[in-house]
Every structure is written in structure tokens, then in C-alpha cells.
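Per my numbering, the very first residue in the sequence shown carries number 2; after that it's consecutive.
For each residue, glycine too, the CB sits at the ideal point set by N, CA and C.
These numbers were taken from a predicted model, which means no experiment stands behind them.
Here's the structure, in C-alpha cells; my notes come after.
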Amino acid sequence: IGFRSRRPGYWQIVPLVYNHGHHNVRVIHLGTLVHSVWQEEQRGKQTFPIVFDGRNDKRTCGVEGGLLLVAGSAAQSCLLLDSRGVHVPLFALDYASLESGLDGVLTLEGCEDCRLGMIVNLAPKPGSTTGETVDLNSRNRGIAIERLVGERSNEIIDCNESHATVDEIVSIGKPQKLLTSSKGSGPRWTSKPQTGSVSLDVKQKTILEDAAGVALRLDVPTLPDALPRFTVRATVEVTLKDGSKKAFAKEAEIDVQSAE
């Protein structure tokens with residue numbers, strides 16, 4: 002697999018699941034993708050769990066359609082590059098095996114008209130922090146997001162040179178920073194030209210500063226018994242200091258026989 006770094010000196014990426022230029026591909030991750038690192042003296046390489054790569058010489062979206070659903074284990078970001086119309090209904094990692102919160106769980110560059118449902122980034126240890134939930138790294142447009150959930154995040158969403166709408170941002174605990182937006186971006190993987198523009202519309206912000214605890218429950222059916230149609234459900238349950246609870250849930254229905 003030839004996946005080059007952004008520029009010399011950056012770490013090399015080795016995708017474990019790699020969609021390079023294929024349309025309408027559906028990736029459903031319900032298991033475990035093991036993260037590996039090869040450290041060299043001044044740089045190195047590491048695995049990324051899932052990458053959709055639509056980069057091409059025409060500088061357009063070389064991947065159209067498809068689905069990404071994550072309700073398993075991984076220890077690095079998933080990437081969508083130069084892709085149009087990809088649906089991500091649910092992205093909720095099982096953090097039991099992690100030592101620290103991820104810097105970001107989902108990164109988009111050069112993407113258009115993608116729909117994101119509930120994207121979750123939780124800290125594996127009580128009281129610890131996370132990085133970004135979604136990183137719109139550069140040159141995205143028409144990105145519609147239903148709900149972002151982060152825990153004491155350093156930016157629940159980072160929107161660089163991109164255009165997006167978010168129905169709701171949920172912060173479990175006081176965030177280090179809720180969101181960031183900027184018109185510029187540095188070296189990126191995308192082949193799209195720079196635009197120098199940005200827009201981020203967040204309709205609702207829910208800040209649970211009095212959160213005392215949080216739990217993620219993933220309801221995944223037994224496969225292959227549940228095929229061809231099954232439902233995956235993720236529930237983020239927050240316990241507040243007064244003992245009351247708040248829950249944020251998302252279901253995703255999958256039909257492997259359907260073309261959609």
C-alpha cells in the first residue's frame with residue numbers, strides 16, 4: 002500500500018482497511034483493529050484503522066457514496082479523504098483497552114456532502130481527557146453532523162478551511178476547548194485546492210460540567226446469526242453529581258443485501 006506522508010518528516014501511515022478509489026464501499030467495524038508503531042530514530046510509521054482515499058490527479062472526489070460504521074476497538078483515527086456522500090451513522094469506539102483518550106477519532110479532508118450521525122470520543126480513565134471528536138482538517142464542504150460527544154475535550158470539533166453544520170455538541174465535563182475554526186490549514190493529505198474560507202454552524206451546545214461518571218454501552222448482535230439485517234446501538238450514559246442520569250443514544254440499521 003502506497004500511502005505517503007503529508008511531507009518529509011511526517012510519520013508514515015499504514016492503513017489496515019484501505020478503500021482506494023472505490024465507490025459505494027461499506028465498512029462495518031465491530032471487532033478489534035490492533036494499533037502498531039514502528040519507531041525510527043527521527044520518524045517512523047504507524048497503522049491507521051480505516052482509510053477512504055479518493056485523491057486523484059483531477060483534484061476531485063475519487064470516492065463516492067459508501068458507509069462507515071464503527072462500534073469496535075481501535076487506537077487511532079479513521080480518515081476520509083477526498084470522498085463525497087459517505088454516510089457515517091455511528092462512530093463509537095470501545096475504549097476499555099486504551100491507556101489514554103484519542104487525539105481524534107474521525108478526520109475528514111477534502112470531503113463533500115457527507116452525513117455524520119453520532120460520533121463519540123470518551124476518556125478511558127475516570128477524570129482524564131480526550132482530544133478532538135471530529136477533525137475537519139481542511140477543504141471540506143457540505144458536512145452535516147447530528148451529534149458530537151466528547152469528554153473534557155481539547156476541541157470537540159476542529160474546523161479548518163471547511164464548511165459544516167452540527168445539530169448538537171455534548172461535552173461531558175468542562176471542555177478544555179469546545180470548538181475551533183480557521184480559514185487556513187497547513188500541509189494536508191487532500192489533493193483539493195485551498196479555499197481560504199470557513200463556516201461552522203452549531204445549533205445546540207450541551208455542557209455537562211457536573212458529570213461524575215460516564216459509561217458507553219455498545220449493543221451489537223451475534224454475527225453471522227443476525228445476518229442479513231441487524232441493528233447496532235450505542236448509548237452514552239452520563240451520571241451527574243446529584244445522582245441523576247442523562248443518556249445519548251444512536252441506532253444504525255444495516256442490511257447487507259441492500260445496495261444502500
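Would you check if the distance between the CB atom of G185 and the CB atom of R140 is smaller than 7 Å?
Taking the sequence shown and counting its residues from 1, one reaches residue 185 at position 184. Taking the sequence shown and counting its residues from 1, one reaches residue 140 at position 139. Cβ distance not < 7 Å, so G185 and R140 don't count as in contact.
Is F92 closer than 7 Å to V171 when the C-beta atoms are compared?
Working through the sequence shown from its first residue, we reach residue 171 at position 170. Working through the sequence shown from its first residue, we reach residue 92 at position 91. Taking 7 Å as the Cβ cut-off, V171 and F92 do not qualify as a contacting pair.
By the DSSP assignment, the beta strand (DSSP E) with S200 in it spans what residues?
One-based indexing of the sequence shown puts residue 200 at position 199. 200-203 is the span of the beta strand (DSSP E), which, as asked, contains S200.
Under the DSSP definition of a beta bridge, which residues are partnered with C79?
Position 78 of the sequence shown, counting from 1, holds the residue named residue 79. C79 is bridged to L107.
Exposure of G105, with buried meaning 16 or more beta-carbon neighbours within 10 Å
By 1-based counting over the sequence shown, the position of residue 105 is 104. That one is buried.
Could you tell me which of S78, V26, Q205 sits nearest to E65, measuring between CA atoms?
Taking the first residue of the sequence shown as position 1, residue 65 is located at position 64. It is V26.
May I have the straight-line CA-CA distance separating G132 from Q77, to the nearest angstrom?
Mapped onto the sequence shown, residue 132 falls at position 131. Mapped onto the sequence shown, residue 77 falls at position 76. Between the alpha carbons of G132 and Q77 lies a gap of roughly 12 Å.
So, under 8 Å CB-CB, K193 and D54 are touching, yes? Tell me the CB distance rounded to an integer number of Å.
Position 192 of the sequence shown, counted from the start, is the residue given in the question as residue 193. Position 53 of the sequence shown, counted from the start, is the residue given in the question as residue 54. So it is not a contact: roughly 13 Å between Cβ atoms.
Are there three or more Cβ pairs, one per stretch, closer than 8 Å when the stretch 194-206 is compared with the stretch 217-227?
no
Residues in the same chain with beta-carbon distance under 6 Å from C115, minus the five sequence neighbours each way, listed in chain order, please.
Taking the first residue of the sequence shown as 1, we reach residue 115 at position 114. The answer, listed in chain order, is V87, I144.
Count the other C-beta atoms from every protein chain shown that fall within 10 angstroms of the C-beta of P90, then say buried if there are 16 or more, exposed otherwise.
Within the sequence shown, residue 90 is the residue found at index 89, counting from 1. It is buried - the Cβ of P90 has at least 16 other Cβ atoms within 10 Å.
Rounding to the nearest angstrom, what Cα-Cα distance links R148 and D159 in this structure?
Taking the sequence shown and counting its residues from 1, the one referred to as residue 148 is at position 147. Taking the sequence shown and counting its residues from 1, the one referred to as residue 159 is at position 158. Approximately 14 Å, taken between the alpha carbons.
Helix or strand or just coil, what does DSSP make of D243?
Counted from its first residue, the sequence shown places residue 243 at position 242. Three-state DSSP puts D243 in coil, outside helix and strand.
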